[in-house]
Each structure stands twice: as C-alpha cells, then as structure tokens.
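All remarks here apply to the structure that follows.
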C-alpha cells in the first residue's frame, strides 16, 4: 500500500468524479484509476461504486476513508513538525472571504506568499454563514466575514470595520426626502437585498423579525453593485453597506435606519482554538497584525467629524 494510492482514493471520494480528482492531485486520470484498482486488489474489496453517473463509496470504501485521511494527515503532520524545527514553513492554508468587501485580501496573501513561498494558499468566496461553518469544521483556517454585534460561537474576530447599514433609494423614491427612518418604515415596502446567508441579509432579517414583520424582498442579488443599479431604477430600497451607498451619492440617496440602528461589522475570523498547522497559525498572526494596522490607519485618515458622523454610513 502506497501513500499516493490513499491520496488518490481520498480525492476521488471527495470529488465523486475521477476527472476532477485527477485534476486535484495533478495526475492523469488513467494513473489515478490504476492506482486505486491496485489498492482495491491489495485490500481485497471494491472501495468505489463506478456504476452511476457519479462515483460513490462502497461500504468498504466508507470504512477505509477515515483511516486513509488519518494516514495522510499523519504524514503531513510529521513533515510540518520537522519544518517547524528547521524554521522552514510549508503546508497549506485555506482562506475564505465574502464575495464583496473593502479589504485587500489578495494583497495580504501575496505578502504572506512572499514570506513563505513553500506554503500553498487556497482562496474561496462564499457567504458569511458558509465561511463561519468552514472555520468551525476546520475546512478553513481563516476568513473575512460579515457579522453582527455578537461574536459567532466557535470563532474569534479581528474587527476591520463597524459601520451603519442603510437603505439606498433613487432620488425620485418617496423615501428619498428622509435622512433617517425607523425600521418599521420598511414594513411592506419593496426591498432589494443580498441573498440569505450573507451577513447583511442576516442583520435585516433578524431585525425585522424582532420588530414583528417579515421583510418584503422584491429583488435579490449577490453583487452589491447590482442592488445599487436596481435601486437606481426605482425598484425598491436597497439594503447596503453605507460606505458603498455613499460612494454612489450622485445617483442614490442613503437613508440611515434608526430605531433600532442597524450596524454591520466586517471582520477577520479564525477558529477559536486556532488553525491546526503552523502555516495557518502564521497566516492568522500576520493577517491580524496587517488588518488591524490598516484599519487603524483608514479610521485615522477618513473619520468624519462629530457633526457629520451620524449621517455617514458604511458597511
């Protein structure tokens, strides 16, 4: 039994497809198939059911999978332990980010790669709910997420921004004459929002539920720019990060939502007990320092005056 056979088997089990598994391990598909057949012959059992459109684990395959993963993890752990002793950082880090945000995460990852070129970095875009779940399960080492006033269970945060959430409307919308409205004013009105699972959507859904009504989401899109365009055409009030809406003040009116005030936080998050590997721990430490420093600099250079602060908004 060879480690590469276990690696290929795990890849096929996770991808449920030989072609995708071969791409994942950077080996030609016939080579992957041949090595798994050798593994099956050695174990005396068929591990994969190849009869359907997707590959499925047999009962024997399901029993072998956790041991195969454990064996691969043990080998990787041994390599990392030696690398730590020699000062060479290797391994893999998995980072997630919300689809739209104001943090130069690619720049941070580039800096980390320059310092640790032997570390492989995977970047995934998803909703905040999906990213937080990825942190809790260990699938991700760190993520940039949108969160509410409380820290989600199982993670720690470095807050990057903490600013109001606003309703953005076209200049001709009936709400455009207001600088601030109560949340109840949005009851029954057509709203334009990000999808469920995003931090911004969670804030508005929870706030409306607490106020005793369900928001009327007339349009939904994953790109804030699309939300702004829909609002500009008079199709409803877009729930947006305030800074995003303010940057489009030539075509949108930003209305602060009071009673209760809605705020959203963008944060760098990691699992509460920390990433399992040294590469992940190094990334978290480096990113925390960089993000905290950049956020402080941004606040110092762009903070509004006390008089104007209530009418400025950011997400």
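Numbering (the working numbering), first residue to last: 13 to 327. All residues carry an ideal CB built from backbone N, CA and C; glycine is no exception. Predicted model only: the values in this text are computed from it and were never measured.
*Reducing DSSP to helix, strand and coil, say where residue 300 ends up.*
Numbered from its first residue, the chain shown carries residue 300 at position 288. It is helical.
*asked:* In this structure, how does DSSP classify residue 225 when only helix, strand and coil are distinguished?
replied: As a working mapping, residue 225 is identified with position 213 in the chain shown. Reduced to three states, the DSSP call for residue 225 is coil.
*asked:* If you measure between the beta carbons of residue 59 and residue 21, is that distance less than 8 angstroms?
replied: The sequence position of residue 59 within the chain shown is 47, counting from 1. The sequence position of residue 21 within the chain shown is 9, counting from 1. For residue 59 and residue 21, yes; Cβs fall inside 8 angstroms.
*Could you give the DSSP three-state label for residue 10: helix, strand or coil?*
Residue 10 lies beyond the residue range present for the chain, which begins at 13 and ends at 327; the question has no answer from this structure.
_For residue 87, tell me which candidate among 74, 76, 103 has the shortest Cα-Cα distance._
Translated into the one-based positions of the chain shown, residue 87 becomes position 75. With distances taken between CA atoms, residue 87 lies nearest to 103 out of 74, 76, 103.
_If you measure between the beta carbons of residue 177 and residue 108, is that distance less than 8 angstroms?_
By 1-based counting over the chain shown, the position of residue 177 is 165. By 1-based counting over the chain shown, the position of residue 108 is 96. No. Outside cutoff.
*asked:* Bridge partners for residue 104 per DSSP, in chain order?
replied: Sequence index remark: in the chain shown, residue 104 carries index 92 (1-based). Its beta-bridge partners are 132.
*Quick one: what does DSSP say residue 171 is sitting in, helix, strand or coil?*
Residue mapping note: residue 171 aligns to position 159 of the chain shown, counting from 1. In the structure shown, residue 171 adopts extended strand secondary structure according to DSSP, grouped into three states.
*Segment limits, alpha helix (DSSP H) that includes residue 119*: Taking the first residue of the chain shown as 1, we reach residue 119 at position 107. It spans 117-127 - the alpha helix (DSSP H) in which residue 119 sits, taken as one unbroken run.
_Please report the distance separating the alpha-carbon of residue 280 from that of residue 133._
Position 268 of the chain shown, counted from the start, is the residue given in the question as residue 280. Position 121 of the chain shown, counted from the start, is the residue given in the question as residue 133. Those two C-alpha atoms are separated by around 16 angstroms.
*Would you call residue 19 buried or exposed, if buried means 16 or more other Cβ atoms sit within 10 Å of its Cβ?*
By one-based count along the chain shown, residue 19 stands at place 7. Residue 19 comes out buried.
*asked:* In whole angstroms, give me the CA-to-CA distance for residue 160 and residue 78.
replied: Taking the chain shown and counting its residues from 1, the one referred to as residue 160 is at position 148. Taking the chain shown and counting its residues from 1, the one referred to as residue 78 is at position 66. Taking the straight line from one Cα to the other gives about 36 angstroms.
*asked:* Using a Cβ-Cβ cutoff of less than 7 angstroms, which residues in the same chain neighbour residue 14 once the five nearest sequence positions on both sides are dropped?
replied: On the chain shown, residue 14 is found 2 positions in, with the first residue counted as 1. For residue 14, where only same-chain residues beyond five positions count, there are no Cβ hits under 7 angstroms.
*asked:* Less than 8 angstroms between the C-beta atoms of residue 128 and residue 101, yes or no?
replied: Counting from one through the chain shown, the residue named residue 128 turns up at place 116. Counting from one through the chain shown, the residue named residue 101 turns up at place 89. Going by C-beta atoms, residue 128 is nearer than 8 angstroms to residue 101.
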